[in-house]
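Trainee: Okay, handing you the structure first.
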Amino acid sequence: MMSREIKFRAWLPSCKTMLENVTVYPDMIGLGLQEFEKNLGSYENGFEYDGECVRTTDDKYENVLSVLSGEDWVYVEPKDYILEQFTGRQDKNGKDIYEGDIVFKDEEKCVIRFNLKEGVVAAYPISGNANFICSWGWNEMEVIGNIHQNKELLK
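Below, the structure written as structure tokens:
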């Protein structure tokens, strides 16, 4: 039986930011304060903390990000993120492949998705070519972006 590392990342639409290596709880995600600041900048750099929530002080963000803060941890509520799981595979350059990644393989751009009905992780072609859906040859793929930060690749 093959075992794989279980890890997640989270897309924060309101901040247009991807948080790497988040910890998943039943009703929220969490990550270390240092990791949060590395991804979003320090509280002094566009965010303020009121004792319960982190709020943006920068007009470029659309919404208030609901973040609860512990001593060294930041917890984000489900309404504020899209969770994506690591596939357990790496591309030809050794980069981790997550669901939501856009990969290039055999002249096709594909989106990585978990197919719960089939019980597989597969690369689905952006072109709609149903004959190309593949769940093999991971080491021949190259991650070229993701569906959140690189929407131009979906065309």
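Taking numbering that gives the first Met the number 0, the leading residue of the sequence shown gets 0, the next gets one more, and so forth. Cβ coordinates follow ideal geometry from the N, Cα and C atoms, glycine included. Remember, predicted model here, so these are calculated numbers, not experimental data.
Out of 18, 21, 133, which has the shortest C-alpha to C-alpha gap to residue 114?
Mentor: 133
Trainee: Does DSSP put residue 124 in a helix, in a strand, or in coil?
Mentor: strand
Trainee: On a Cα-Cα basis, can you pick out the residue from 127, 85, 76 that is closest to residue 120?
Mentor: 85
Trainee: Looking only at its own chain, which residues have a Cβ that is under 7 Å from the Cβ of residue 18, when we skip the five neighbours before and after it?
Mentor: 8, 9, 11, 30, 38
Trainee: So for residue 135, helix, strand or coil by DSSP?
Mentor: Of the three classes helix, strand and coil, the one that applies to residue 135 here is coil, per DSSP.
Trainee: So residue 96 and residue 111 are in contact, right, with Cβ under 8 Å, and what is the actual spacing, rounded?
Mentor: About 6 Å separates the two Cβ atoms, so the contact holds.
Trainee: If you drop the 5 nearest sequence neighbours on each side, which residues of the same chain put their C-beta closer than 6 Å to that of residue 23?
Mentor: 7
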